Structures are given as C-alpha cells and as structure tokens.
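Okay, so here's the structure we're looking at.
Protein chains: 2
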Amino acid sequence: MTTINDIAKLAGVSRTTVSRFLNNSGYVGQEAGERIAQVINETGYMPSQSAQTLRTKKTGVIGIILPKISTETSSRVVSGINKVMKREGMQILLTDTELDPDKEIEYLRLLKSRQADGIILLATNIGERLQQEIEAFPIPVVALGQNIPGVPSLTYADYDASSDIMQLLIGKGHRKIGFIGVSETDPAVGKLRQSAYTDAMRRHNLEVKESWMAEGDFSIDSGYEAMKWIITGNRSDPPDAVFCVTDRMATGAMEYLKEQGFSIPGDVAVAGIGDAVMSRYITPSLTTVNYYNEEAGEAVGEMLLETMAGIKYSKKMMHKYRLIKRDSVW
Amino acid sequence: MTTINDIAKLAGVSRTTVSRFLNNSGYVGQEAGERIAQVINETGYMPSQSAQTLRTKKTGVIGIILPKISTETSSRVVSGINKVMKREGMQILLTDTELDPDKEIEYLRLLKSRQADGIILLATNIGERLQQEIEAFPIPVVALGQNIPGVPSLTYADYDASSDIMQLLIGKGHRKIGFIGVSETDPAVGKLRQSAYTDAMRRHNLEVKESWMAEGDFSIDSGYEAMKWIITGNRSDPPDAVFCVTDRMATGAMEYLKEQGFSIPGDVAVAGIGDAVMSRYITPSLTTVNYYNEEAGEAVGEMLLETMAGIKYSKKMMHKYRLIKRDSVW
DNA sequence: CTGAAAGCGCTTACAG
DNA sequence: CTGAAAGCGCTTACAG
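Protein chains in written order, with this note's numbering: chain A, 67 to 396; chain B, 67 to 396.
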C-alpha cells in the first residue's frame, strides 16, 4: 500500500505538506500542490483510516445496536440513519443483539473498542446494568424506541397511538376488545401499548378479561397462536375486536381467524401497529399506525450528530405517527 | 481512555507483557497475569482497534456493498453474513448504493481506505469499470447474486428457478403467459429470468407477444403499473397467466388484477420469485420460489473467509432454491 | 510557504 | 518469564 511517505517522496515534498494538502489545513504552495495532486491521482492513494484515527481519535464510524437485523422496522430505521450519516461522510457499523439484552452491553463495549464516534441504541429493555454502562460511557449514545434515563431518546408515541387505535375500535361500537401484546420487559412495546389498552377499556367501563389478553413474541406465528388461545378460551363469548401491538402478530391473528371462518371485520375487527408493507396487501387490509420509521432514523441520526457536537442536554423527543384506517376495522 | 500503558503501570509490568497477555502470545507469569487480568477488569480497558490495525493491518471489519438497505432480501442476506462474521469476531460495515452503479466503485474505494479485511459485493450490474476496479483491488472481494468474472461469486439459480416457474405454468395448461421483468442491465434478475421466460415459451411453441411483456423497477407500484399496461394493451386477448420476476411486483400486479375484477388464478394465474413474507399472507397466496437468502448470506460469508485465508481460485457457486406452490396458480 | 520531530496505542522481533 | 525499542501511517504544534 502506498503511504503518505511515498506520496511525499514522489512529489518531492515532506509528508507534512502532503498532510496539509490532504486536509486543506495551512498553506501549500501552488506548484507543490499540483505535484501532490498528480501523484495522488496516479497512485490512487488513500490515507490509512487507522493511522488517522490513532492521531485524531475520530473514526468516522457510528455504531448501531439493533435488536434484530432482518426486520422491516430495523431496515427502515437503518435506511434513515444511513441517509444522514452519508451526508456527513460517516459509515455505519451494524450490530445485532438477536433480542439478547446482555448483548446490548457487549456491543456497547465492542463499539467503544472500535472507537465509534457515536452510538445509536435500539434497545428492547432498559435494565440497571445497561443504564450504568451508558452512564460512564465515553462515547455519545442516543436511543431510539425506548426512553432511557439520562440518554437523549427519540421514542415512538406508543401510548398515544395505541389509545387512538382503541378509540377507533370503541367508536365503531366494539365493546369486547381483545389484546395481543408482548412481554412487559419491553417498556415501549410491551408496557406502554398495553397500558393504553387497559386504560381505554376502563375509561369506557369495559370489562378487561384476562382471557382476552395474550402475549406473543413479535412473530407472525405467535400472533396466530395468541389468537387461537383467545378464541379457544372464549368459545361462548369471543371478542368482537382485537388490538395487536404489532402488524406481524396481527397478520398471524387474522390468519387464524380466517381459517376458523370468522369474517373480518364483520365478526372480529383487527388492528395492528407498524404499517408493515404487507398490511396493505393482505385481505382485508389492516388498520394500523405508521410510525415513520425512516424519518425516525433520520431524526435520531441528527440527534446523535448534535450530541457528538457537544450538545449535552438530555433531549427527549417523541416521533410523529399516523393512524391508517383500512378494511380490517369498519 | 485507558491505554495499554495505564494497564502496564497499574499492574506493575511492561506493556509488552500486557500485550502478550491480551493476545495470548508468549509466556506471562502466573502472578503477573493475574494482576493484569484484575486491572483490566477494574478499568474496563479495551485495546484501541485503530492502534492494533495500524500495527497488524487487520481491522476485523468486512464491508458489504448493498444495492438497497431496506429490502427484505438485503436484510436476510445481511443477517446470514452477520451470523458467520459474528462467529469469527468480525464486524460488518454496511454500505448502500441506492441502485447507483457509480457508487459501487465509490464504496469499494471507501472500504479500501477503511482497510476492510474483505468485501462482499451485491452488485446489480457488472460494468467494465467495476471489473477493472476489482481486478487491481488489494482486498479480497466476493460477489453475491451476480456472477462477476474473475471474482468468487455465489449466484442464485435465476435461470433454472424461472424455468421451473414457467414449467409449472405451462404444465397447468397456461398458454398465454405474460411477463413482468426489470431492466436487462441487471444480468441476473433482468436478463437471466427473462431468457428463461422466452426460452420456455419458444420451447413450447408459444407466442411471445411484446405487448405481454412489461418492465418494472422492483417496486410494488411498478408491478401494478406493468400489469395495468399489459391488460390495457390486450383487452381482447389478455394473458391467462403472468410471471413476475419479483414477489413485490407480483403483489402489485395482483392488486391491479383484483381491482379490475379478474379472479386469480381463475382468470389470470400469477407467480413471483423471492418468497417475501408477504407472499404467504396475501390472497390468494403467491406461488413463488424461495432463494434461501439467509443461507446464501452465510455461504457467501464463508466464501469470503476462505478467500481471505488465501484460497485464490475463482470459485463459482450456485445457491439452492425451492419452488413454492401456493394458491395464485392452480 | 515548508519541514523536523513528537506522539497517538499498539505488536513484535530481539535480547536478556 | 520479561522488558526496551522500533515502527505501523498519520497529524499537529513549533520553528524557520
């Protein structure tokens, strides 16, 4: 590999001058500059990132910690983050916890060792240890999707969006509303969305039956199983609507309902959250809420940039969302 | 940041010894080792990657060049690659060309400057310049999805899979088969799949009507428009089946057909390629072929590892696939 | 306008 | 079993 020394020699100047030329810092004589430019061109020289990093402490890389790489939400978010990082000439280092909370800490450390300039964390839980780790962390961290104390966080409007869904369902006359959620260890998706459900039911004096509530694990299959469990357990008194905290689980739930001959939304209305592409094309199309994940990615990217620039206040923001009424709810 | 010098001082040894301890190279006294281990633990010390890289020329990072980040195929592939790279303790640097061929070269150079240990290229085209760039490239490159001359490549069985689809359609008695493809600048998806279509038609002495063939751009909408164009242009003699080279375009095509009151597969059978999750849940469910993208990602990851290990033969492999018969074809 | 020198944090012969 | 020293490829005061 050609180094800055080779360039200097070939151009007949010192490497100091080459460096100045490269970084556009300080004066470089006209003639010298031209010779350097030429040599660089001929050799296809590229400065060594690791040497630069060692000196400047800047890698030009930010790390993203994702719960799961191959998910529609993740890829939309990454796409948004990528958009702003590209603008800044920064690269992205992807990291995937596969939903294992321990890995969140592990990757935080890894990214530290790789000297990421900043980190975007899409946490699924926010335990003690995680918070401690971040507190003493030498690298700017921002969170997306979960509110982490002391960390600039961009969250989705989980409670509000869920309330809107419930409002819609109740407004349409549904009284017996089931719920398919996920584990409450996930504050945003698990707790918040469920609270919105129970709060809405109570606010309208509707019965919250334990047997109408089931828990899935984000997968389509788990939605199918959850729906099955609810229906099987309430043969005589099935719900007439079901709120699923995720489009994928809603898809599974619909699959079961259709198999069993329930008409949607005639017998049972169904609503989800997330606006997966699929939701528009299944039959009936799914009523859901769009979280503008890509824009959220951009926004959290900007937050990170600001934080990296030294703006230290702990910013909390909630991202916009939009209720999308389709055919699975009348 | 704590450095190896801090650790050495705190443990009362030289940094040479700490380095040996860290890398498990050469002898380290029992007692010294224990002290070092302790100090490292207390400080949470992590060696600086850039310093290590500068010395060893290994970054532990591989680059992936993707046509588009937020796509089901991409995320499956990345997930597979990630699986094997994680095993090797390597990180992934993601790069997204947004379907711009110039960026393929740009990112190749970028990854060179970042000293990626290897590169996996998911090209969409394979122009002159790209090949030249790779030829003189100092870093191992492998390709997925396209066969690049002189480069170890793992390709999908585009021709065979498409032929199978056509065989199925023809076997079911379809004679007037339409085609929705993509630009032929894409050798794999554009050319190969189309060749399989025209070859199959000719082999069975079926007419290949220009007006039954349309071109989309991978998007659902473009499938919709392509189908519309075909139907509109053939009012008196519409095809009774259509082969779409992509599930997303097939989804759009079905959407249009359903809107227009065609029954699927009664009036028009539809088939795609890719096995998007969605394909299983739309109505009717879509006949398609599964390319095992995640496994392909693993396989190409292994190919890269081998290439990095110095195995230089230009390996060409074709990945397995599976025809999935569902309800959009009788 | 330009260069010599120090130093970033490691690893690796080499010598003991 | 351990350490001193050189060097990886840069950038950045500093001096001229």
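Even glycine gets a Cβ: it sits at the ideal position worked out from N, Cα and C.
Bear in mind that the values here come from a model prediction, so they are computed numbers and not experimental data.
Original post:
Quick one, which residues of the segment 174 to 191 of chain A are near chain B if we go by CB-CB under 8 Å, in chain order?
Top reply: Under the 8 Å Cβ criterion, the segment 174 to 191 of chain A contributes Arg175, Leu176, Lys178, Ser179, Arg180 and Gln181.
Original post:
What did DSSP end up calling aspartate 341(B) once you bin it into helix, strand or coil?
Top reply: Three-state result, aspartate 341(B): coil.
**OP:** Determine contact between the segment 137 to 151 of chain A and the segment 133 to 146 of chain B, defined as no fewer than three beta-carbon pairs at a distance below 8 Å.
**Re:** Yes, since at least three Cβ pairs between the segment 137 to 151 of chain A and the segment 133 to 146 of chain B fall closer than 8 Å, the two stretches touch.
Original post:
valine 347(A) CB to nearest chain B CB: under 8 Å?
Top reply: Before going on, a small fix: residue 347(A) reads as tyrosine here, not valine. Taking 8 Å as the CB threshold, tyrosine 347(A) lines the interface with chain B.
**OP:** Give a yes or no on whether the C-beta atoms belonging to histidine 240(A) and alanine 335(A) are separated by under 8 Å.
**Re:** Contact: yes.
Original post:
From the DSSP output, which residues share a beta bridge with lysine 178(B)?
Top reply: For lysine 178(B), which the question treats as bridged, DSSP gives no partner whatsoever.
Original post:
Can you name, in chain order, every residue of its own chain whose Cβ lies under 6 Å from the Cβ of phenylalanine 245(A), other than the five neighbours on each side?
Top reply: Same-chain partners within the cutoff: Tyr263, Met279 and Phe309.
Subject >> Nonlocal neighbours in the same chain, by C-beta distance under 7 Å from lysine 152(A), ignoring five residues either side >> reply: Scanning its chain for C-beta atoms nearer than 7 Å, with the 5 sequence neighbours on each side dropped, one finds no residue around lysine 152(A).
Original post:
Which chain B residues sit within Cβ distance under 8 Å of alanine 117(A)?
Top reply: Chain B residues near alanine 117(A): Ser116 and Leu120.
**OP:** With a floor of 3 residues, list each beta strand (DSSP E) that falls wholly inside the segment 234 to 260 of chain A, ordered by position along the chain.
**Re:** Unbroken beta strand (DSSP E) runs of no fewer than 3 residues, entirely contained in the segment 234 to 260 of chain A, are found at 243 to 248, following chain order.
**OP:** For arginine 101(B), collect the residues of the same chain with a Cβ closer than 6 Å to its Cβ; drop the 5 residues on either side in sequence, then sort them by chain order.
**Re:** So the qualifying residues of the chain are Ala77.
Original post:
In angstroms, rounded to a whole number, what distance separates the CA positions of phenylalanine 203(A) and glycine 211(A)?
Top reply: Taking the straight line joining both Cα atoms gives about 20 Å.
Subject >> Exposure label - tyrosine 93(A); buried when at least 16 CB within 10 Å >> reply: When all chains shown are included, tyrosine 93(A) counts as exposed.
Original post:
So tyrosine 322(A) and tyrosine 358(A) are in contact, right, with Cβ under 8 Å, and what is the actual spacing, rounded?
Top reply: Rounded, the Cβ-Cβ distance is 30 Å, inconsistent with contact.
Original post:
To which residues does DSSP link arginine 388(B) through a beta bridge?
Top reply: Asn356(B).
Original post:
In the segment 155 to 170 of chain A, which residues sit with their C-beta less than 7 Å from some C-beta in chain B, listed in chain order?
Top reply: Of all residues in the segment 155 to 170 of chain A, Gln157, Ile158, Leu159, Leu160 and Asp162 have a Cβ within less than 7 Å of some Cβ in chain B.
Subject >> Segment contact flag, the segment 328 to 344 of chain A with the segment 310 to 317 of chain A, C-beta cutoff 8 Å, min 3 pairs >> reply: Flag = yes, the segment 328 to 344 of chain A and the segment 310 to 317 of chain A touch.
Subject >> Under the three-state DSSP convention, the category glutamine 279(B) falls into >> reply: Sequence check: residue 279(B) is methionine here, not glutamine. Methionine 279(B) carries a strand assignment under DSSP once its states are collapsed to helix, strand and coil.
Subject >> Short-range partners of chain A found in the segment 291 to 321 of chain B, where Cβ spacing is below 7 Å >> reply: Against chain A - using a Cβ distance shorter than 7 Å - the residues of the segment 291 to 321 of chain B are Thr317 and Glu321.
Original post:
Roughly how many angstroms separate the alpha carbons of alanine 223(A) and arginine 180(A), rounded to a whole number?
Top reply: Approximately 33 Å between the Cα atoms of the pair.
**OP:** Could you work out which residue in Arg86(B), Gly110(B), Ser80(B) and Asn90(B) is closest to methionine 67(B) when comparing CA atoms only?
**Re:** For the residues Arg86(B), Gly110(B), Ser80(B) and Asn90(B), the minimum Cα distance to methionine 67(B) belongs to Gly110(B).
**OP:** Check whether the Cβ atoms of leucine 187(B) and isoleucine 128(B) sit closer than 8 Å, and answer yes or no.
**Re:** Going by C-beta atoms, leucine 187(B) is not nearer than 8 Å to isoleucine 128(B).
**OP:** From the DSSP output, read off the bridge partner residues of aspartate 162(A).
**Re:** Answer by DSSP bridge pairing, in chain order: Leu132(A).
Original post:
Buried or exposed: isoleucine 377(A), going by 16 or more other Cβ atoms within 10 Å of its Cβ?
Top reply: The residue is exposed, with fewer than 16 neighbouring Cβ atoms inside 10 Å.
Subject >> Where valine 94(B) sits in the DSSP three-state scheme >> reply: In the three-state reduction of the DSSP assignment, valine 94(B) falls in the coil class, being assigned neither a helical nor a strand state.
Original post:
chain A beta carbons: is any one of them nearer than 8 Å to that of isoleucine 135(B)?
Top reply: Residue contact with chain A for isoleucine 135(B): present (Cβ-Cβ distance below 8 Å to some residue of chain A).
Original post:
When the distance is taken between beta carbons, is serine 288(B) closer than 8 Å to leucine 352(B)?
Top reply: In this structure, leucine 352(B) sits away from serine 288(B), with a CB-CB distance that is not shorter than 8 Å.
Original post:
With respect to the alpha helix (DSSP H) encompassing phenylalanine 87(A), which residues constitute its N-terminal and C-terminal limits?
Top reply: Judged by DSSP secondary structure, phenylalanine 87(A) falls within the alpha helix (DSSP H) whose first and last residues are 81 to 89.
**OP:** Answer yes or no: do alanine 243(B) and leucine 234(B) have a C-beta to C-beta separation smaller than 8 Å?
**Re:** Before going further, note that residue 243(B) is isoleucine rather than alanine in the sequence given. No, these two residues do not count as a Cβ contact at 8 Å.
Original post:
Is it true that the segment 76 to 91 of chain B meets the segment 369 to 376 of chain A, where meeting means three or more beta-carbon pairs spaced less than 8 Å apart?
Top reply: With a cut-off of 8 Å, the segment 369 to 376 of chain A and the segment 76 to 91 of chain B do not count as touching, because too few Cβ pairs lie within range.
**OP:** Give the range of the beta strand (DSSP E) segment to which alanine 202(A) is assigned.
**Re:** Segment: none, alanine 202(A) is in no beta strand (DSSP E) and carries neither H nor E.
**OP:** Compare the Cα-Cα distances from glycine 126(A) to each of Gln157(A), Ser145(A), Gly99(A) and Glu201(A) and report the closest residue.
**Re:** Residue Gln157(A) is the option with its Cα nearest to glycine 126(A).
Original post:
What first and last residue would you give for the beta strand (DSSP E) that runs through alanine 307(B)?
Top reply: Counting along the chain, the unbroken beta strand (DSSP E) around alanine 307(B) starts and ends at 307 to 310.
Original post:
Given aspartate 313(B), which residues of its chain have a CB within under 8 Å of its CB, disregarding the five upstream and five downstream residues?
Top reply: Answer for aspartate 313(B): Gly338, Ile339, Gly340, Asp341, Ala342, Met344, Ser345, Leu352 and Thr354, listed in chain order.
**OP:** Compare the C-beta of methionine 344(A) against all C-beta atoms of chain B and say whether one is closer than 8 Å.
**Re:** At least one CB of chain B lies nearer than 8 Å to the CB of methionine 344(A).
Original post:
Given that proline 204(B) touches chain A, what residues does it touch there, using C-beta distances under 7 Å?
Top reply: The answer, in chain order, is Met67.
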